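Trainee:
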Amino acid sequence: MNKFYPEKIFVEEDVEGLSLTKQVVERCKDVPVEVVKSAKDLIASLKGKRFSLSEGKKNLLLCRNRGRFLAPCPGTKKDYLCCGYVILNTGTGCPLDCSYCVLQAYLNNPFITLFVNQQEMMDELLSGSMLGRGEIVRIGTGEYMDSLALEHLTDFIPFILPFLRKNPDLILELKTKTTHIENLIDLDHGNSFVVSWSLNAEKIMKEEEIGAATVKDRIKAASLLIEKGYRVSFHFDPVIYYPGWEQDYQETIELLKENIPPDKITWISIGSLRYMPALKHIAQKRFSGTAIYSQEFISGLDGKMRYLQGQRTEIYQKMCSWLKAYSADILIYYCMESKTVWNSTLGYSPASNAGLKKLLDERVLF
Amino acid sequence: MEFASEKISVASIDLQDRRFKIREDTGGEELKESVEKTGLINCPYLISSEADAKYRIVCGFKRIKAVLELGLKEITVNIIDDCSDEKELFLLALHDNLAGLPLNLVEKANAVKSLLKYFQEEDVIKKYLPLLGLPPVFGCLEEMLLIEGLDPEIKQGIVNGTVAKKNGLSLFGLGSDGLILYRLFMKVNLSTSKQSEIIESCSDISRRDQLPISEIISEKEITEALSRDDLTLSQKGDRIRFFLRKKRFPMLTGLEGRFLTLKKKLGLPGNIRFEPPPSFEGEVYSLQINFRNLEELKSSSDRVKLLAENPLIKGLLEKDE
Numbered sequence: 000m001n002k003f004y005p006e007k008i009f010v011e012e013d014v015e016g017l018s019l020t021k022q023v024v025e026r027c028k029d030v031p032v033e034v035v036k037s038a039k040d041l042i043a044s045l046k047g048k049r050f051s052l053s054e055g056k057k058n059l060l061l062c063r064n065r066g067r068f069l070a071p072c073p074g075t076k077k078d079y080l081c082c083g084y085v086i087l088n089t090g091t092g093c094p095l096d097c098s099y100c101v102l103q104a105y106l107n108n109p110f111i112t113l114f115v116n117q118q119e120m121m122d123e124l125l126s127g128s129m130l131g132r133g134e135i136v137r138i139g140t141g142e143y144m145d146s147l148a149l150e151h152l153t154d155f156i157p158f159i160l161p162f163l164r165k166n167p168d169l170i171l172e173l174k175t176k177t178t179h180i181e182n183l184i185d186l187d188h189g190n191s192f193v194v195s196w197s198l199n200a201e202k203i204m205k206e207e208e209i210g211a212a213t214v215k216d217r218i219k220a221a222s223l224l225i226e227k228g229y230r231v232s233f234h235f236d237p238v239i240y241y242p243g244w245e246q247d248y249q250e251t252i253e254l255l256k257e258n259i260p261p262d263k264i265t266w267i268s269i270g271s272l273r274y275m276p277a278l279k280h281i282a283q284k285r286f287s288g289t290a291i292y293s294q295e296f297i298s299g300l301d302g303k304m305r306y307l308q309g310q311r312t313e314i315y316q317k318m319c320s321w322l323k324a325y326s327a328d329i330l331i332y333y334c335m336e337s338k339t340v341w342n343s344t345l346g347y348s349p350a351s352n353a354g355l356k357k358l359l360d361e362r363v364l365f
Numbered sequence: 000m001e002f003a004s005e006k007i008s009v010a011s012i013d014l015q016d017r018r019f020k021i022r023e024d025t026g027g028e029e030l031k032e033s034v035e036k037t038g039l040i041n042c043p044y045l046i047s048s049e050a051d052a053k054y055r056i057v058c059g060f061k062r063i064k065a066v067l068e069l070g071l072k073e074i075t076v077n078i079i080d081d082c083s084d085e086k087e088l089f090l091l092a093l094h095d096n097l098a099g100l101p102l103n104l105v106e107k108a109n110a111v112k113s114l115l116k117y118f119q120e121e122d123v124i125k126k127y128l129p130l131l132g133l134p135p136v137f138g139c140l141e142e143m144l145l146i147e148g149l150d151p152e153i154k155q156g157i158v159n160g161t162v163a164k165k166n167g168l169s170l171f172g173l174g175s176d177g178l179i180l181y182r183l184f185m186k187v188n189l190s191t192s193k194q195s196e197i198i199e200s201c202s203d204i205s206r207r208d209q210l211p212i213s214e215i216i217s218e219k220e221i222t223e224a225l226s227r228d229d230l231t232l233s234q235k236g237d238r239i240r241f242f243l244r245k246k247r248f249p250m251l252t253g254l255e256g257r258f259l260t261l262k263k264k265l266g267l268p269g270n271i272r273f274e275p276p277p278s279f280e281g282e283v284y285s286l287q288i289n290f291r292n293l294e295e296l297k298s299s300s301d302r303v304k305l306l307a308e309n310p311l312i313k314g315l316l317e318k319d320e
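Residue numbers (numbering that gives the first Met the number 0), protein chains in the order written: chain A, 0 to 365; chain B, 0 to 320.
(1) Just to confirm before moving on: does the CB-CB distance between A/N58 and A/F110 stay below 7 Å?
(2) Starting from A/H179, follow the beta strand (DSSP E) in both directions and report where the run begins and ends.
(3) Nearest-angstrom Cα distance between A/S232 and B/E308?
(4) How long is the line joining the alpha carbons of A/S18 and A/A327, rounded to whole angstroms?
(5) In the DSSP output, what is A/G90 paired with across the bridge?
(6) Helix, strand or coil for B/E320 per DSSP?
(7) Compute every distance between the C-beta of B/E32 and the non-hydrogen atoms of the ligand PLP, then say whether any falls below 6 Å.
(8) Given this structure, state the Cα-to-Cα distance separating B/F171 from B/S202, to the nearest angstrom.
(9) Less than 7 Å between CB atoms is the rule here; does B/V136 satisfy it with respect to chain A?
(10) A/A221 touches chain B at which residues, Cβ-Cβ below 9 Å?
(11) Run through DSSP, which three-state label would A/V85 get?
(12) Taking only beta carbons into account, state which residues of the region 265-285 of chain B come closer than 8 Å to chain A, listed in chain order.
(13) Out of curiosity, what's the CA-to-CA distance linking B/F19 and B/L114?
(14) A/N58 by DSSP, collapsed to three states: which one?
(15) Report, in whole angstroms, the separation of the C-beta atoms of A/L278 and A/Q103, which I expect to be a contact under 8 Å.
(16) At a Cβ threshold of 7 Å, is B/I124 touching chain A?
(17) Excluding the five sequence neighbours on either side, which residues of its own chain have a C-beta within less than 7 Å of the C-beta of B/E320, listed in chain order?
(18) Check each candidate in B/I46, B/K31, B/E28 and B/D16 and name the one with the smallest Cα separation from B/A3.
(19) Note down, in chain order, every chain B residue with its Cβ under 9 Å from the Cβ of A/Q310.
(20) Buried or exposed for B/K313, going by 16 or more other Cβ atoms inside 10 Å?
(21) With 7 Å as the threshold, decide whether the Cβ of A/S351 is near any Cβ in chain B.
(22) Which residues, taken in chain order from the region 179-205 of chain B, show a beta carbon closer than 7 Å to some beta carbon of chain A?
(23) Just by C-beta distance, which residues in the region 137-160 of chain A are closer than 9 Å to chain B?
(24) With distance defined between alpha-carbon atoms, name the residue in B/S300, B/E199, B/L225 and B/E274 nearest to B/K262.
(25) Can you pull the chain A residues whose beta carbon is under 8 Å from the beta carbon of B/R207, in chain order?
(26) Between A/T91 and chain B, is any beta-carbon pair separated by less than 7 Å?
(27) Just tell me which of B/L180, B/S48 and B/Y127 has its CA closest to the CA of B/G236.
(28) Once the 5 residues before and after B/R302 are set aside, which same chain residues still bring their CB inside 8 Å of it?
(29) Just checking: is the beta-carbon of A/K48 within a distance shorter than 7 Å of some beta-carbon in chain B?
(30) Give the residues of chain B in contact with A/G299, contact being defined as C-beta atoms less than 7 Å apart.
(31) Go ahead and pull the three-state DSSP assignment for A/I259.
(32) What's the gap between the Cα of A/A350 and the Cα of A/N190?
(33) Among the candidates A/R137, A/M144, A/N182 and A/G139, whose CA atom is the shortest distance from the CA of A/H151?
(34) At 3 residues or longer, what runs of the beta strand (DSSP E) sit wholly inside the region 23-63 of chain B?
(35) Does the region 72-79 of chain B come into contact with the region 34-44 of chain B, if we say contact requires no fewer than three beta-carbon pairs (one atom in each stretch) closer than 8 Å?
(36) Rounding to the nearest angstrom, what Cα-Cα distance links A/Y333 and A/S126 in this structure?
Written out as structure tokens, the structure is:
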């Protein structure tokens, strides 16, 4: 798949001299660069201009993260179990364009944005209270952007690796829909990573995941990393209902079965399509042909739109039966699901968010 | 801008040229009455055209219309000397209109569309949207252009309040089906939120089932509701809404229907309210007892105790476990 190069780079003036800024600019030869006073002002100035999110995705903004780099995954509220993942916020926005992506409604910044003040990120990581507590901390960079989509510009993986090797309790989960694994292939990784691919039915991949690698290529990339001793995992998230979905998702699981030995899979998560109400209008405007929001949704206990509990249960029961047929030993967990749904589909439920966290932490303790 | 006052023949005015027209053709009765009583107080501004020796209107469309309707043959107007700069002429028309009665939303949309012929988009947003009382943001310009592009029937609906701006914009998104839905709204009585619900239901059903909206609203249940003389307009609207909700949410409405049947079978008195989890999400049912005195409380409690033993309730709750 093609690598992302922006049409234009905006650089916040006070990060112009930072090494990551220089590296990214250097690697985007011939791309025009505009130095701006502040990212905030740049974004505010768009209000009076024709500038869409699609336009923003062609531009790269290099700026300082003035907030925290580490934060607990916002997950969701009330009655749904979350996995205790910690977000390492290296930037926001993504060159891929998935019609279901929550970022379309979540962010007010249309640019693909990289936080280049890496030293401050390291300072925060080093001073963080999560170190040395004797428990596994799963951190991830895939919440607000694809973890590997900009790796060819940032070399983030080799940058962070020495820190991770010194802190074996930290596991970095890289979540991606790309095949940009070059920086991982020849790395002495020391089991510091779980590399995860988001998987879906081929129809969804083709129609709703614009710019992403094919499902086949994602699985192939995972297979290559398994050969290099990496932990890999997969996220069937979002599973999207449409007439005939069963056949298509089974085909993806079949592909997985043909290429990945189940004992090499750290975990598989499943989550059905859910979205904040504002996303529907935004996404339908951007993707006029999408019908994914026109299925039957209800407002969940967390205010997000979800399939009816009965329908979700049916989806999960089927997904689990296909995955369990692949291997009974795969750890399957749900992202943001209720205990009721866990119990009725997997026959058990973690007692709490901490219980789910422990379940996943134990998988990386080998 | 130089101009000279002249008395000209009404027949020499080109009434088809609407390039500077901002206001809609509605109303004008009061103006006509005023012209009849006192004559024209403010003269319209016109330019002459060498092409066909006719005058073009820059501002004063409604005044000239009033004069025409009163059957007057001559009118005193201001003829602008230099008519080479169309942009300046449009600004004259705009400021003349802004000095009068407030422009309605459709008229503002007309003005925005015309302004874009003469100015860069960013200038229109920053300078002219505030002049029209609108926020200087791109989203607003986009909305104005959508409104300007609406079918005249829907525009009229926005002006007279039969359809809210938000719903008008949603109808625009439906293309030619938007007008079909608008015409349906005109046959019933629905609040803004109910109209909005119908637009969303139709749009979702259309996407999901790949059906044109015209086909959805031609379904028997809708045509029957519309033809019923014994229903009020509001009742017709609600019937259509319920039908569409059922079609849009077959599983949810199915669960609601089954729960309602169960409640009927339980035969609870009016002061005991039994409700399922919201949208059947989660497992928490609710029971509410309203009472005025000890006696009512006691009899309701006894009833609730019996309820816990009812096999229908047991069946419902055990199924969920």
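Think of the CB as a built atom: it goes at the ideal place given N, C-alpha and C, for glycine as much as any other residue.
Keep in mind it's a predicted model, so treat the numbers as computed, not measured.
Mentor: In brief:
(1) For A/N58 and A/F110, yes; Cβs fall inside 7 Å.
(2) Secondary structure note for A/H179: it is in no beta strand (DSSP E), with a DSSP letter that is neither H nor E.
(3) Rounded to the nearest angstrom, the two C-alpha atoms are 48 Å apart.
(4) When the Cα atoms are used, A/S18 and A/A327 turn out to be separated by approximately 48 Å.
(5) Answer is A/L113.
(6) Here B/E320 scores only 48 on pLDDT, less than 50, and its place in the model is too uncertain to base an answer on.
(7) In the structure on display, the ligand PLP does not appear, and there are no ligands present to speak of.
(8) If you take the alpha carbons of B/F171 and B/S202, they lie about 12 Å apart.
(9) Answer yes: the Cβ-Cβ gap between B/V136 and chain A drops below 7 Å somewhere.
(10) Here the premise fails: no neighbours, minimum Cβ distance about 33 Å.
(11) Annotated three-state conformation of A/V85 is strand, per DSSP.
(12) Sequence-ordered contacts of the region 265-285 of chain B with chain A read P277, S278, F279, E280, G281 and E282 [C-beta pairs closer than 8 Å].
(13) Cα to Cα, B/F19 sits roughly 10 Å from B/L114.
(14) DSSP, read as helix, strand or coil, puts A/N58 in strand.
(15) Right, their Cβ atoms sit about 6 Å apart.
(16) At a cut-off of 7 Å, the C-beta of B/I124 has a neighbouring C-beta in chain A.
(17) Low per-residue confidence applies at B/E320: pLDDT is 48, beneath 50, and the placement is therefore not dependable, though the value from the model is reported in the following sentence. A distance below 7 Å between beta-carbons, with the five flanking residues on each side excluded, links B/E320 to no residue of its chain.
(18) If you compare the alpha carbons of B/I46, B/K31, B/E28 and B/D16 with that of B/A3, the shortest gap goes to B/I46.
(19) Here the neighbours are M250.
(20) B/K313 is exposed by the Cβ-count criterion.
(21) For A/S351, the answer is no, since every Cβ of chain B falls outside 7 Å of its Cβ.
(22) Per Cβ criterion, the list reads D203.
(23) If the cut-off is 9 Å between Cβ atoms, the region 137-160 of chain A has nothing near chain B.
(24) When C-alpha distances from B/K262 are compared across B/S300, B/E199, B/L225 and B/E274, the shortest belongs to B/E274.
(25) Chain A residues near B/R207: A290, S293 and Q294.
(26) No - not a single Cβ of chain B is within 7 Å of the one on A/T91.
(27) Of B/L180, B/S48 and B/Y127, the smallest CA-CA separation from B/G236 is found for B/L180.
(28) Its chain contains L267, P268 and I271 as the residues whose beta carbon lies nearer than 8 Å to that of B/R302, once the 5 sequence neighbours on both sides are disregarded; these appear in chain order.
(29) Yes, A/K48 lies at the interface with chain B (some Cβ there is under 7 Å from its Cβ).
(30) Identification of chain B residues near A/G299 by a Cβ-Cβ cut-off of 7 Å yields E280, ordered along the chain.
(31) Look at A/I259 here: in three-state DSSP terms it is coil, with no helix or strand label.
(32) Cα to Cα, A/A350 sits roughly 29 Å from A/N190.
(33) When each option's Cα is compared against that of A/H151, the closest is A/N182.
(34) Runs of beta strand (DSSP E) with 3 or more residues, each lying fully within the region 23-63 of chain B, are found at 44-47 and 54-58, listed in chain order.
(35) Taking 8 Å as the limit for Cβ pairs, the verdict is that the region 34-44 of chain B does touch the region 72-79 of chain B.
(36) Between A/Y333 and A/S126, the alpha-carbon positions lie close to 32 Å from each other.
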